[in-house]
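*Asks:* Quick note: the sequence shown uses our numbering, first residue 5, plus one each step. Glycine residues also receive a C-beta, built at the ideal position from the N, C-alpha and C atoms. On a predicted model such as this, the values are computed, not experimentally measured, just so you know. Mind looking over this structure? Questions follow.
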Amino acid sequence: MPAEYIALSYGQLALAASLMVVCGGVSLALQLGLERRLALGTLRTILQLLLLGWVLRWVFAAEQWYYAVALMVVMTVVAGMAAVRRVERRYAGLLLDSVLAIWVSAWCVTAVGAFGVVQVPIERLAQYGIPLLGMVLHNTLTGISLGIDRLGSELAGRRDEVETLLALGATRWEAAQDAVRQAVRTGLIPTLNTMMVLGIVSIPGMMTGQLLAGVDPIQAALYQMVIMFLIAAGASLGTMGVALLGYRRLFSAEHQFLPGRLKK
Numbered sequence: 005m006p007a008e009y010i011a012l013s014y015g016q017l018a019l020a021a022s023l024m025v026v027c028g029g030v031s032l033a034l035q036l037g038l039e040r041r042l043a044l045g046t047l048r049t050i051l052q053l054l055l056l057g058w059v060l061r062w063v064f065a066a067e068q069w070y071y072a073v074a075l076m077v078v079m080t081v082v083a084g085m086a087a088v089r090r091v092e093r094r095y096a097g098l099l100l101d102s103v104l105a106i107w108v109s110a111w112c113v114t115a116v117g118a119f120g121v122v123q124v125p126i127e128r129l130a131q132y133g134i135p136l137l138g139m140v141l142h143n144t145l146t147g148i149s150l151g152i153d154r155l156g157s158e159l160a161g162r163r164d165e166v167e168t169l170l171a172l173g174a175t176r177w178e179a180a181q182d183a184v185r186q187a188v189r190t191g192l193i194p195t196l197n198t199m200m201v202l203g204i205v206s207i208p209g210m211m212t213g214q215l216l217a218g219v220d221p222i223q224a225a226l227y228q229m230v231i232m233f234l235i236a237a238g239a240s241l242g243t244m245g246v247a248l249l250g251y252r253r254l255f256s257a258e259h260q261f262l263p264g265r266l267k268k
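Pasting the structure below:
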């Protein structure tokens, strides 16, 4: 039987939050100017996670799958918006591409994980589907953000090369394929780096949470493996999808490069 987890009080939370004073002290000592952002980050972490906890408590208690789906839709749209927030070069339709790519990739991968691998009953969708989707979304949006940024910088930096290839008779795909490949490769780097050191340098978040909750370590390891494979698949599909959608928006059907659509 799993050991009973140790419940935390708000006083214990306050004690842990006081450690952020250390971060503020480092910022002051080195004149980093991050004190305000650290304070804001601490406050947002507390408020956002408490709000999420209350919402999830209500969704779990309701035991209706459509409440879980509604929350998952909101999470997906927010993730799609967050993915383009810090992209340097943008184009018309980027937000739609981001939401579409992250929606299709993350939901397909999560569906395979929830219903194919874990075999979750529909009435327990909230308990399993929301956490699974949340982890996949987080890593997929990171890949999409990096991929979009790299695609724009590659095409803008290699504009002369791309237009020369097109002038010599190359198709739009032949001219853009290197930029697309670089975008997808860049989007996958964080996930691949994590997978290389998993279990050696760090114990991932989900496995740590299960261990703290008293789950058998082997079961916790198996769940973490499943999560990493879902994350890798989501990041691959999402980054590839948004790169291909961006490529189609930045090249015309007549095989012309449209650099004017890229706005810095």
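Cα separation between Tyr-52 and Glu-178?
*Replies:* A small correction: the amino acid at residue 52 is Gln; Tyr does not occupy that position in the sequence shown. Using only the alpha carbons, I get a separation of about 45 angstroms.
*Asks:* Just verifying my parser: in three-state terms, what is the DSSP assignment at Arg-61?
*Replies:* Of the three classes helix, strand and coil, the one that applies to Arg-61 here is helix, per DSSP.
*Asks:* Go ahead and pull the three-state DSSP assignment for Leu-141.
*Replies:* Three-state result, Leu-141: helix.
*Asks:* Please state the DSSP three-state secondary structure of Ser-206.
*Replies:* Note: Ser-206 maps to strand in three-state DSSP.
*Asks:* How many angstroms separate the CA atom of Met-5 from the CA atom of Ala-217?
*Replies:* Annotation note: pLDDT 46 at Met-5 (below 50); position unreliable, coordinate value reported separately. Cα-Cα distance, rounded: 11 angstroms.
*Asks:* Measure the Cβ-Cβ separation of Ala-87 and Ile-148 and say whether it is below 7 angstroms.
*Replies:* Yes; because the gap between Cβ atoms is below 7 angstroms, this pair is in contact.
*Asks:* State the DSSP-derived secondary structure class of Arg-94, mapped to helix, strand or coil.
*Replies:* Three-state result, Arg-94: strand.
*Asks:* Entirely within the segment 144 to 208 and at least 4 residues each: give me those alpha helix (DSSP H) ranges in chain order.
*Replies:* Qualifying alpha helix (DSSP H) stretches, in chain order: 163 to 171, 176 to 201.
*Asks:* How would you call Trp-107, buried or exposed, if buried means at least 16 neighbouring beta carbons within 10 angstroms?
*Replies:* Buried.
*Asks:* Could you tell me the alpha carbon to alpha carbon distance between Trp-69 and Gly-209, rounded to whole angstroms?
*Replies:* Spanning the two alpha carbons is a distance of roughly 26 angstroms.
*Asks:* Please go through the segment 9 to 83 and give each complete alpha helix (DSSP H) segment of 4 or more residues, from N-terminal end onward.
*Replies:* Within the segment 9 to 83, the complete alpha helix (DSSP H) runs of at least 4 residues are 14 to 21, 24 to 33, 39 to 66.
*Asks:* By Cβ distance below 7 angstroms, which residues in the same chain neighbour Gly-238 in space, the five residues on each side in sequence not counted?
*Replies:* For Gly-238, where only same-chain residues beyond five positions count, the Cβ hits under 7 angstroms are Ser-109, Ala-110, Val-113, Val-140, Asn-143, Thr-144.
*Asks:* My understanding is that Tyr-251 touches Val-166, with C-beta atoms under 8 angstroms, so please give their C-beta distance in whole angstroms.
*Replies:* Actually they are not in contact, since the Cβ atoms of Tyr-251 and Val-166 sit about 11 angstroms apart, beyond 8 angstroms.
*Asks:* Determine the contact status of Gly-191 and Gly-151, defining contact as a CB-CB distance below 7 angstroms.
*Replies:* Taking 7 angstroms as the Cβ cut-off, Gly-191 and Gly-151 qualify as a contacting pair.
*Asks:* Checking 7 angstroms against the spacing of the C-beta atoms, do Gln-223 and Met-211 come in under that value?
*Replies:* No, the Cβ-Cβ distance between Gln-223 and Met-211 is not below 7 angstroms.
*Asks:* As a quick exercise: from Met-232, Arg-128, Leu-249, pick the residue whose alpha carbon is nearest that of Val-188.
*Replies:* The candidate whose alpha carbon is nearest that of Val-188 is Leu-249.
*Asks:* Anyone know if the C-beta pair for Met-24 and Thr-46 falls short of 7 angstroms?
*Replies:* In contact: Met-24 and Thr-46 (Cβ atoms closer than 7 angstroms).
*Asks:* Quick check on the DSSP output: the alpha helix (DSSP H) that includes Phe-233 runs from which residue to which?
*Replies:* Unbroken alpha helix (DSSP H) run through Phe-233: 221 to 254.
*Asks:* Considering only residues of the same chain and omitting the five flanking positions on each side of Leu-32, which have a CB-CB separation below 8 angstroms?
*Replies:* Excluding positions up to five away in sequence, the list reads Glu-39.
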